[in-house]
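Numbering (this note's numbering), first residue to last: 6 to 381. Don't be surprised by glycine CBs; every beta carbon is placed ideally from N, CA and C. Note that the structure is predicted; figures quoted are calculated from it, not measured.
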């Protein structure tokens, strides 16, 4: 996939309208958050458990309650906060899951390690609601089926409160500026930040840094450490810290300025640094020999349905691959917000250098630990 640069992002995002405050639902006819349509399967699946290893923004209590009531599916969630740690736990057998959320190169890593089984798109009704191109993306399309059901995508950006900075920045280096000591919040996705450091220091290939490039990235991370106030495990925590003013800077995906405003915070701005960035492409991956595999399709149909996806966009900010959800958002008056965060431009994901384990995951994780300690 091609490098995704600041100029191209600004071109795509240019001309967006002023922020639209979110009050109420997607539409008057839309069910409450997380209340999907009943399972579309004509043949009810056996009652029982379904175990998820997933991020906080990939499930909703209302969806879980509805599936339990209507389908007898008892959904159990194990939180996922770091892709490398999730993969390690699956390999080690420390977590028992039927479905895992994977990002970018981790999708193919689960498949290469013999840990995943393809998903038959014909078994799912929700695939008819997706942008057609989403089912043909390079990390997802396998010979035997989908390697994962596409969920969301986004470039990583720097978010800042310009009122508390001497100038509006355009570089990753604002994060390591000594004047910003204890002002930065970062997510606990360790490899993502190492890849951002690779971008900041000009590595030719973020996924395959030379020893010299990795040393430069490690030095950049070491300079970042005094500026980090908090390392958090959820996007909601990033928004809260920016909204409260406890932090001034963050690394985050699309949507944060509106979320901070919705939370009563200051007018923050987001930018793709001039050095370039990396991106996210999240998908739900079915694990091989999952004992509850029969209950995966009804979960994916319910959790990924357009009504739920539209609410997820308003709640969590980043664009999803459900095209019908975009139409619901536009019809409900949220079209400006959707276009501002490129929901109508899913092809933009083709220009992203995606996150993932790369060629030296252990060395990259060691770089994180050497620079930032073992907080995450």
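_Which listed residue (276, 272, 135 and 267) has its alpha carbon closest to that of residue 176_ = 276
_Residues in the same chain with beta-carbon distance under 7 Å from residue 195, minus the five sequence neighbours each way, listed in chain order, please._
87, 89, 370, 373 and 381
_Does residue 170 come out as helix, strand or coil in the three-state DSSP assignment?_
coil
*Measuring CB to CB, does residue 56 end up less than 9 Å from residue 102?*
yes
_Same chain, Cβ closer than 8 Å to residue 144, neighbours up to 5 away in sequence not counted_ = 109, 110, 112, 113, 152, 153, 286, 288 and 359
*Reducing DSSP to helix, strand and coil, say where residue 106 ends up.*
strand
*Which value, in whole angstroms, describes the spacing of the CA atoms of residue 243 and residue 165?*
12 Å
_Can you check which of these residues, 116, 335 and 292, is closest to residue 312 by C-alpha distance?_
335
*Could you tell me which of 367, 253 and 105 sits nearest to residue 120, measuring between CA atoms?*
105
*Among the residues of its own chain, which have a CB less than 7 Å from the CB of residue 364, if the five just before and after it don't count?*
212 and 213
*Which ranges would you report for the alpha helix (DSSP H) in the region 108-192 if only whole runs of at least 4 residues count?*
110-117
*Specify the secondary structure class of residue 228 as computed by DSSP and reduced to three states.*
helix
*Span separating the alpha-carbon of residue 241 from that of residue 65*: 14 Å
*In whole angstroms, what is the alpha-carbon distance linking residue 294 and residue 122?*
8 Å
*Are the beta-carbon atoms belonging to residue 297 and residue 135 less than 9 Å from one another?*
no
*Between the Cα of residue 306 and the Cα atoms of 282, 97, 78 and 132, which residue gives the shortest distance?*
132
*If we count the other Cβ atoms within 10 Å of its Cβ and call it buried at 16 or more, is residue 249 buried or exposed?*
exposed
*Check residue 209 in the structure and name its three-state DSSP category.*
coil
*Per DSSP, what kind of secondary structure is residue 218 in: helix, strand or coil?*
helix
*Just checking, does the region 225-235 make contact with the region 180-191 on the three C-beta pairs under 8 Å criterion?*
yes
*Hey, out of 348, 376 and 368, whose CA is closest to residue 158's CA?*
348
*In terms of residues, what are the limits of the alpha helix (DSSP H) holding residue 335?*
328-336
*asked:* As a quick exercise: from 117, 118, 115 and 141, pick the residue whose alpha carbon is nearest that of residue 384.
replied: Lying outside 6 to 381, the shown extent of the chain, residue 384 is not represented and no answer is given.
_Per DSSP, the bridge partner or partners of residue 78_ = 53
_Rounded C-alpha distance that separates residue 162 from residue 58_ = 26 Å
_Which residue marks the beginning of the beta strand (DSSP E) containing residue 293, and which one marks its end?_
Looking at the DSSP string, residue 293 is not in any beta strand (DSSP E), and its letter there is neither H nor E.
*residue 71 by DSSP, collapsed to three states: which one?*
helix
*Going straight from the alpha carbon of residue 301 to that of residue 238, what length do you get?*
26 Å
_Pick from 156, 188 and 160 that is closest to residue 169, judged by C-alpha positions_ = 188
_Quick check: is any heavy atom of the ligand PLP less than 8 Å from the C-beta of residue 128?_
With respect to small molecules bound, the structure shown includes none, and the ligand PLP cannot be examined in it.
*What's the C-alpha gap between residue 130 and residue 291?*
17 Å
*Complete beta strand (DSSP E) runs within the region 259-312 (minimum length 3 residues, chain order)*: 274-276 and 284-291
*Unbroken alpha helix (DSSP H) run spanning residue 234, endpoints*: Counting along the chain, residue 234 falls outside any alpha helix (DSSP H), though it belongs to the beta strand (DSSP E) covering 233-237.
*Pull up the distance between the alpha-carbon of residue 60 and that of residue 367, whole angstroms please.*
23 Å
*Identify the continuous alpha helix (DSSP H) that holds residue 95 and give its terminal residues.*
88-97
_Among 91, 50, 319 and 304, nearest to residue 80 - alpha-carbon criterion_ = 304
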